[in-house]
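Enquirer: Just so you know, we're using the UniProt record's numbering here: the first sequence kicks off at 1 and counts up by one.
All C-beta atoms, glycine included, are put in the ideal place defined by N, C-alpha and C.
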Amino acid sequence: MSKVRTRFAPSPTGFLHIGGARTAFFSFLYAKKLGGEMILRIEDTDKERSEKKYEEDILSGLDWLQIGYSEIFRQSERADRHSSLLKKLIDENKAYLSKGERGERKEVIRLRNNGGEVVFNDLIRGEIKTDVRDLGDFVVAKSLEEPVFHFANVADDGDMKISHIIRGEDHISNTPRQILISEALGFARPQYAHIPLILAPDKSKLSKRHGAVSVIQYKKMGYLPEAMINYLAFLGWNPGDDREILSLKELIEEFSLEKIHKGGAVFNVEKLNWVNKQYINRLSENEYLKIAEDYVPEKYKNNAPDYSPSLKKLLLFYKTSIVKFEGLKELFDSGELRWFFGLNEKDITSEKIVWKNDENKATKRHLKEIVFRLKNLEDFSSENVKAEIQPLADERGRASVLHPMRFSLSGRDRSPDPFSMAGLLGKEETIKRLNRAIKLLS
RNA sequence: GGCCCUAUCGUCUAGCCUGGUCUAGGACGCCAGGUUCUCAUCCUGGAAACCCGGGUUCAAAUCCCGGUAGGGUCACCA
């Protein structure tokens, strides 16, 4: 059996969206699985709609997702080859120049179609038969210099020795005519595999109005590429067991076209978020910080308060609570982190410091005891603070002790636990805030 | 509309080929409880589906037929 060679052939008339990325990824996975390779072919024959920025977006999207290709071609660079193939077809009387019909603009080149039935075996859907008569002598080129999509596509697949064409199911009805062209050109017929579409929540075809257009948008939102390809792979495919989180290596090992579904799959951000979270959790501290720091708004960068040992510890603290890195940015922008960057003293009132029906006097006593216990603590880590304070809380009532401490430090009804905050704030600032609260209660 | 494709919890899906082990399994989300000073995390539990109708069979989510619904495609765009 000859070498497996697949291709991803996007036209640079739009961004690399979720669906395209998955198609590329399946093509890539299949080639890798079979020890072959995938090539990238930019189909830029539509000069009006093709744009460089789209090509760049496609390239960077593939790069981000680590979808590698062994070679890259631009269809526009193969114009000479296309016209000579077209000439050959005309010379062999398999195609002919035809006058424009019904007021159509000019002469076009049509393929002679003898009709009959075209049958092909789709690797995912099985045998598909099409009566090809009503196609008529269809157009393959606008002129010798301007081949139509079908022609250029087939010519390139033939020349580039593509063994497997893996593409979206919207191409399934194009396949018969492409087979006709391929046969006229004398190429060996490739295997076809049409994968189901990715749907929007309302089951319609996923499009711009359903959110992010380019996969690069997901990069910007702080999704990890490993999470993205993992999730994408599971849209219409799964390894057949209960595993949900698979590395690229495992994906390659497990992948098979037979396990791809026939029905479309709805793109679900919630699940993507969950997958992403799994990957964030697995990041080492350094890997995490490297990315996290890019999501700190400018005004907070290098602007950590004096009392802060480091911004890094703060970022690390929120590692388990974000679902994507953009969540960090939201934390900063929402004021959620005000306890760290600048407490608003007006937020702290004696009523709020005191837990439910506790007395001011008792609360004050608790806070004083906390200060007393922390004053001489050498290593002011969250763990050590907890070791000092937890017994006190257990003894006098957890809420009665911990709520005042937490509120004194954060000025918020919802905040991290007091031990973590104390550790992040440092000894001096922690005691300063506690004393301020004690004063308020007097 | 023609042609083609598809159909299991709200969503992603296992099971279907090789009928019984399926009172249909897992995951996300949701709800409840637990852990907890709050929020989040984490743990436990719960609600939630075989599109409909016929047929074959002792037995059908699984096989067959017919509906219905959804999607794709019908370009001198890709």
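#1: Three-state secondary structure (DSSP) at V323?
#2: For Y30, which option in L257, F419 and G335 has the closest C-alpha, if you only look at C-alpha atoms?
#3: Alpha carbon to alpha carbon, how far is A184 from V139? Give it in angstroms, no decimals.
#4: Does the beta-carbon distance from P225 to Q66 come in below 8 Å?
#5: Between which residues of its own chain and F419 is the CB-CB distance below 6 Å, once the five residues before and five after are set aside?
#6: Per DSSP, which residues does M38 bridge with? Please list them.
#7: From which residue to which residue does the alpha helix (DSSP H) around R365 run?
#8: Quick test of the definition: if touching needs 3 or more C-beta pairs under 8 Å, does the stretch 184-200 touch the stretch 214-222?
#9: So what does R78 bridge to, in DSSP terms?
#10: Could you tell me which whole alpha helix (DSSP H) segments of length 4 or greater appear in the stretch 216-279?
#11: Using the rule of at least 16 other Cβ atoms within 10 Å of the residue's Cβ for burial, across every protein chain shown, is V119 buried or exposed?
#12: Helix, strand or coil: which one does DSSP assign to R398?
#13: Which value, in whole angstroms, describes the spacing of the CA atoms of M228 and L272?
#14: Pull up the distance between the alpha-carbon of L392 and that of I370, whole angstroms please.
#15: Hey, quick one: how far does the beta strand (DSSP E) through L143 stretch, first residue to last?
#16: What is the rounded straight-line gap between the Cα of R49 and the Cα of D57?
#17: How many Å lie between residue 452 and L337 at the Cα?
#18: Would you mind giving the Cβ-Cβ distance between K324 and Y231, rounded to the nearest angstrom? I have them listed as a contact below 8 Å.
#19: My understanding is that L424 touches F317, with C-beta atoms under 8 Å, so please give their C-beta distance in whole angstroms.
#20: Excluding the 5 residues flanking F74 on each side, which residues of the same chain have their C-beta closer than 7 Å to its C-beta?
#21: From D159 to P12, what distance separates their C-alpha atoms?
#22: Taking the alpha carbon of T23 as the point to measure from, which residue in D170, G397 and R78 has its own alpha carbon closest?
#23: I need the DSSP call for F380, collapsed to helix, strand or coil.
Expert: Based on what the coordinates show:
#1: Within the first sequence, residue 323 is the residue found at index 323, counting from 1. In the structure shown, V323 adopts coil according to DSSP, grouped into three states.
#2: Here residue 30 corresponds to residue number 30 of the first sequence, with the count starting at 1. Comparing Cα-Cα distances from Y30 to each of L257, F419 and G335, the minimum goes to L257.
#3: Along the first sequence, one-based indexing puts residue 139 at 139. Along the first sequence, one-based indexing puts residue 184 at 184. V139 and A184: Cα-Cα distance of roughly 14 Å.
#4: Residue mapping note: residue 225 aligns to position 225 of the first sequence, counting from 1. Residue mapping note: residue 66 aligns to position 66 of the first sequence, counting from 1. Contact flag set, yes.
#5: Residue numbering aside, residue 419 sits at position 419 when the first sequence is read from its first letter. In chain order, S382, V385 and K386 place their CB closer than 6 Å to the CB of F419, counting only its own chain and leaving out the 5 sequence neighbours on each side.
#6: Indexing the first sequence from 1 puts residue 38 at position 38. Paired residues: T6.
#7: In the first sequence, counting from the first residue as 1, residue 365 sits at position 365. Start and end: N360 to K375.
#8: Taking 8 Å as the limit for Cβ pairs, the verdict is that the stretch 214-222 does not touch the stretch 184-200.
#9: On the first sequence, position 78 is the one that residue 78 refers to. R78 is not bridged to any residue.
#10: Listed in chain order, they are 225-233 and 248-254.
#11: If you number the first sequence from 1, residue 119 lands on position 119. Its Cβ having fewer than 16 others within 10 Å, V119 is exposed.
#12: Position 398 of the first sequence holds residue 398. Helix at R398.
#13: Counted from its first residue, the first sequence places residue 228 at position 228. Counted from its first residue, the first sequence places residue 272 at position 272. Computed Cα separation, rounded: 7 Å.
#14: Residue 392 sits at position 392 when you count from the first residue of the first sequence. Residue 370 sits at position 370 when you count from the first residue of the first sequence. If I take the Cα positions, the gap works out to 8 Å.
#15: On the first sequence, position 143 is the one that residue 143 refers to. The sequence shown places Ser at residue 143, not Leu. Looking at the DSSP string, the run of the beta strand (DSSP E) that includes S143 is V139 to S143.
#16: Counted from its first residue, the first sequence places residue 49 at position 49. Counted from its first residue, the first sequence places residue 57 at position 57. Answer to the nearest angstrom: the Cα atoms are 15 Å apart.
#17: Outside the modelled stretch of the chain, which goes from 1 to 442, sits residue 452, for which no answer is possible.
#18: Looking up residue 324 in the first sequence gives position 324. Looking up residue 231 in the first sequence gives position 231. Not confirmed; about 12 Å, so no contact.
#19: The residue given as residue 424 occupies position 424 in the first sequence. The residue given as residue 317 occupies position 317 in the first sequence. The C-beta distance from L424 to F317 rounds to 6 Å, short enough to fall under 8 Å.
#20: What you label residue 74 is simply residue 74 of the first sequence in a count that begins at 1. Before going further, note that residue 74 is Arg rather than Phe in the sequence given. Counting only Cβ-Cβ distances below 7 Å, and skipping sequence neighbours, we find I42 and D44.
#21: Counting from one through the first sequence, the residue named residue 159 turns up at place 159. Counting from one through the first sequence, the residue named residue 12 turns up at place 12. Approximately 21 Å between the Cα atoms of the pair.
#22: Locating residue 23 in the first sequence gives position 23, counting from the first residue. Comparing C-alpha distances from T23 to each of D170, G397 and R78 shows the shortest one belongs to D170.
#23: Walking along the first sequence from the start, residue 380 turns up at place 380. In the three-state DSSP reduction, F380 falls in the coil class, being neither helix nor strand.
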